[in-house]
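Take a look at the structure below.
2 protein chains.
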Amino acid sequence: MNPTIQDVARLANVSIATVSRVLNNQPGYSEKTKQKVLETIEELGYQPNAIARGLVNRKTSTIGVLFPSVSGLLSAEILHGIEAKAHQHGNSVIVCNTAENREKTIKYLQVLREKRVDGLIFVSEEVTEEYYELFRGMDIPVVLVSTQSYQYPLPYVKVDDRHAAYAATRHLIEEGHTKIGMIAGSPDDPIAGSPRIEGYRLAMREAGRSLEDSLVETCSSFQYNDGKSGFSSLMNRHPELTAIFAASDELAIGAISAAYKESIRIPDDVSIVGYDNLLLAEMSVPPLTTIAQPFGRMGERAVQMIIDLMNGEEAESTILPHELVIRDSVKRR
Amino acid sequence: MNPTIQDVARLANVSIATVSRVLNNQPGYSEKTKQKVLETIEELGYQPNAIARGLVNRKTSTIGVLFPSVSGLLSAEILHGIEAKAHQHGNSVIVCNTAENREKTIKYLQVLREKRVDGLIFVSEEVTEEYYELFRGMDIPVVLVSTQSYQYPLPYVKVDDRHAAYAATRHLIEEGHTKIGMIAGSPDDPIAGSPRIEGYRLAMREAGRSLEDSLVETCSSFQYNDGKSGFSSLMNRHPELTAIFAASDELAIGAISAAYKESIRIPDDVSIVGYDNLLLAEMSVPPLTTIAQPFGRMGERAVQMIIDLMNGEEAESTILPHELVIRDSVKRR
DNA sequence: CTAATCAACGTAAACGTTTACGTTAAAGGG
DNA sequence: CCCTTTAACGTAAACGTTTACGTTGATTAG
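Structure follows, in C-alpha cells:
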C-alpha cells in the first residue's frame, strides 16, 4: 500500500496541512519542520496521490488526443510533438483512436469527459455539429491540429494547404515541366482535399498551363494503394505527363511503386513531388522531393495553446510554415 | 459546471446511494425509481466523475505505456494494438516517450505512479535494476513487449528472435543463395541484437555455409542510416555476397537505398530480407520480403495480460508466431 | 504593561464517489 | 395478531488531498 499524507504527518509529528504546505511549497512553516517533513517523505517513499489531488483541484493535468488513426505515419509524428511538450509542462496524454468512426469518437469523448481531462486535441478530422456540442459540454480547451472548422470557432494549428500545394507545383514548373498532373484526395474534403487541388490549379493557371480536369486524379483517401492505382490511371489518361504532384507522401510512394512496376523511371521519365515529408520520404527510392509539414512543431504548438487557454489566456490559430525539401524525385528539364 | 450525483439525487428525490446503485446496477431499488433516476440523469446530462470514482475504488482504468520512441514506425503499430484492446475493456492509455533516457524514464514512472495507473506496459527496452525496483514500488501489473528480462520475473510478449532470424536466413538458403551476409544490431543487445545474429549463424552452420565474423556487419541501432552505411561497408568487404539478411526493415530499406546509389540492383544483384514487416516494407521499391512480427496482436496480448493480472489471474509470457512474408526483394538462384 | 501583529502551525470542510450499515414499511408465517 | 423477513431505500464514513479559518505563543509597537 502506498503511504498517504497522513502517514507522513503522523511520522513527522505535524498535521497533514503542514505536509501539504511543504509539498506545494507554500509559506507557513519553519525551516526545521520543512526538513523534518522532507526527510520522512523520503523515508516513507511517499508520492502524492494525483487522483485525490485532481478531485479537489479539479485539474487532472491530462490532455486527451483524438486521432483518426494511431498507426498512421503522420499521427505518430504529431503525437511525438504533443507528448514531448505536454510532459515538459507536467501533463500526461491519453491517446484515442477514432478510426474516423462516429460512434467510437463519441464514446471516447464521453470517456475523456468522465476522466476530466483538462484539454482536448483533435487531429486531422472534420468537426461535426455533434462533436462540437460535446466539446462545449465538456467546457475545456479544444484545439484542432492539421484540420480546421469553418463553422465553429475552434482554434487550430496547421499549414496553409493551398499555399503549400502551390509551392509544390511551382517547383515542378520552375524545373521546366509543362505537363503536370496531380494525384489528389477527395475534392469534397474541405481540409486536405480541395485546398491542395486549388493550390495546384493556381500555380498552373499562373504559369499559363493547361487546366483540364482530367489532369487531376482524385482518390478517396491519401493512402499508398490509392497512389498506386491513381498513378496508373492518370498516366493511362495522360501518357504525355512529365511530372506529378501527389497530395501526400503515401500517394507519392504509391505512385513510385506503380511506376517501378510499369518500368517508368523516376525521375528520368516522370518527376514526382510529395506532400508531408514523413520519415519514409527520405527512405524512398529515389528519395522523395516533398513539401514538409512540421508535424512535431504542430503538436507542440497545439499543447502550448491548450495550456495558454487553460490559463485563461487567448490562443490564436496558427499557420505554421511549410517547406520544400528537395531530394531526388524531380528532374530538371 | 458538470452536474454531480448530488444534483441527480436531489432532482430525482432519492439519496445519492440510490443513484449510485442504479449507476452501477446493483440491486436495491424499484423499477420505478430506476426509471426516475435514469430520466433525470438524461435530463441533466450527468456523467459520473471518474476521478472521484478512482479515489474510492482505487482503480483508474488507465494503463501507462512506455516507449523508447513514439514516432518510430514500430511503436506506432504496437500502440495501435494496445489502444484498441485497452479501450475495448474500458481502459485508457497514457503514452510516454522515454527516448531511451534514464532520467526521463524515471520521471515518467513517477508520474504514472502518482496518477495511479492500473498497469504498465514496457516496450522494446531493457529493464534495469532501477526500473525494476520502481515497478515493484508501484505494485501493479507490468508486462514487457518486444523485450524480456532474464534477471527479473516479468511476463512478456514477443516473438522468438532467434527462430525468426533463422527463418529469414533459411529462406535465403532455400532460394539458392550461398554467400549470405547480415546487417545486424549490436551484439551487446541481448534482446534484438545477439539472438538474431545467432539465428542467422544457426541457419548458416546448419547449411554448412561460411561463418566468418566479417559476414555480419554490426550497427549501433536499427535505423535507416545504419542500414545505408552498413550495406556499403559490408559489400565493400564482401563483394561476392548475393544475399543479405537485415535485422530490421529500416536497416533493409537503408540497404536498398545504398544499393540504388551504387547501382547495385535489388534483387537481381543482391537479395535482401528484412525483419518486422512495417507498413513501409510493402511500400518499398522493390517491395520487401521480410519476417513479420504481429505488432498489433502483441499490443493486444499485452493488454489482455495486464487485465488478467489485475483480476488476480496468472498471465503467462507469450511467444507469438512470426511469419515470412514473401515479396520481391529476394531472387531465386 | 497591554494590545496588536505575525509566524507557525492545527482543524475541519470540501471535492464526488462507493458502500457498510441502519431504518422503515410491507409481506409472510405461525 | 404478532414476529420475522425482506425489499427499498437513506445515512454517513471513507478514499487522499487542498485550503479557509482558527489557534497559539512570541514579538513588537505604543
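Respectively, the protein sequence lines represent chains A and B.
So for the first sequence, the working numbering puts the first residue at -7; every next one is plus one.
So for the second sequence, the working numbering puts the first residue at -7; every next one is plus one.
Beta carbons are placed, not taken as given, at the ideal position from N, Cα and C, and that holds for glycine.
- At a Cβ-Cβ threshold of 8 Å, Ser138 (chain B) and Ile70 (chain B) count as neighbours.
- Relative to the Cα of Ser224 (chain A), the nearest Cα in the group A:Leu270, A:Ile175 and A:Tyr192 belongs to A:Ile175.
- In chain order, Pro60, Ser138 and Thr139 place their CB closer than 6 Å to the CB of Ser116 (chain B), counting only its own chain and leaving out the 5 sequence neighbours on each side.
- In the structure shown, Tyr144 (chain B) adopts coil according to DSSP, grouped into three states.
- Taken through DSSP and simplified to helix, strand or coil, Val137 (chain B) comes out as strand.
- Neighbours of Ala76 (chain B) across chain A, judged by C-beta separation under 8 Å: Asn89.
- Judged by beta-carbon spacing, Leu65 (chain B) lies beyond the 8 Å limit of Leu101 (chain B), meaning their Cβ atoms are not closer than that value.
- Ser186 (chain A) is outside the set of residues whose beta carbon lies under 8 Å from a beta carbon in chain B.
- When secondary structure is reduced to three states using DSSP, Tyr267 (chain B) falls in the strand class.
- Against chain B, a Cβ distance below 7 Å from Tyr38 (chain A) picks out nothing, because the smallest value is about 11 Å.
- Your pair Leu243 (chain A) and Asp205 (chain A) does not check out as a contact, with CB atoms roughly 18 Å apart and the cut at 8 Å.
- In the three-state reduction of the DSSP assignment, Ala184 (chain B) falls in the coil class.
- Around the Cβ of Asp260 (chain B), a 10 Å sphere holds fewer than 16 other Cβ atoms; the residue is exposed.
- For Gln102 (chain B), a Cβ of chain A is located within less than 8 Å of the residue's own Cβ.
- Closest in alpha carbon position to Lys28 (chain B), among B:Gly246, B:Arg293, B:Ala1 and B:Lys107, is B:Ala1.
- Listed along the chain, the chain B residues whose CB falls inside 9 Å of the CB of Gly173 (chain A) amount to none; the nearest CB is some 20 Å away.
- Contact annotation, Arg108 (chain B) with Gly46 (chain B): C-beta distance approximately 7 Å; criterion of less than 8 Å satisfied.
- If you draw a straight line from the Cα of Asp131 (chain B) to the Cα of Pro147 (chain B), it is about 14 Å long.
- In the DSSP annotation of this structure, Ser116 (chain B) is not part of any beta strand (DSSP E), being labelled neither H nor E.
- Here Ala160 (chain B) is buried: its Cβ has 16 or more other Cβ atoms, across all protein chains shown, within 10 Å.
- Taking all protein chains shown into account, Ile258 (chain A) has 16 or more neighbouring C-beta atoms within 10 Å of its C-beta and is therefore buried.
- Annotation: Cβ neighbours of Gly46 (chain A) in chain B (cutoff 7 Å, chain order): Ile43.
- By the CB criterion at 8 Å, His314 (chain A) and Ala284 (chain A) fall inside the cutoff.
- Between Pro278 (chain A) and Ser309 (chain A), the CB-CB gap reaches or exceeds 8 Å.
- By the criterion of a C-beta distance shorter than 8 Å, Lys323 (chain A) is surrounded in its chain by Glu167, Pro259, Asp260 and Ser263, once the five residues flanking it on both sides are discounted.
- For His155 (chain B), the closest alpha carbon among the candidates B:Ile172, B:Thr170, B:Gly129 and B:Ile183 is that of B:Ile183.
- Distance between Ala294 (chain B) and Pro133 (chain B), taken at the CA atoms: about 11 Å.
- Annotation: Val265 (chain A) to Ser240 (chain A) spans about 9 Å, alpha carbon to alpha carbon.
- Of the other Cβ atoms in all chains shown, 16 or more fall within 10 Å of the Cβ of Leu136 (chain A); this residue is therefore buried.
- At a beta-carbon threshold of 9 Å, the residues of chain B lying near Glu106 (chain A) are Gln39, Pro40, Asn41, Ala42, Ile43 and Arg45, ordered along the chain.
- Per DSSP, the continuous beta strand (DSSP E) segment holding Glu209 (chain B) begins and ends at Val208 to Thr210.
- Secondary structure in the segment 279 to 320 of chain B: the beta strand (DSSP E) runs of 3 residues or longer, each lying completely within the stretch, are 281 to 284, 310 to 312 and 315 to 317 in chain order.
- One Cα belongs to Gln143 (chain A), the other to Glu122 (chain A), and the distance between them is close to 12 Å.
- Contacts between Met297 (chain A) and chain B, judged by CB atoms closer than 9 Å, are missing: the closest CB pair is about 20 Å apart.
- Val85 (chain A) reaches chain B at Ile86 and Val87, counting residues in chain order whose Cβ is nearer than 8 Å.
- Across the structure, Met196 (chain A) and Met297 (chain A) are spaced so that their CA atoms are roughly 36 Å apart.
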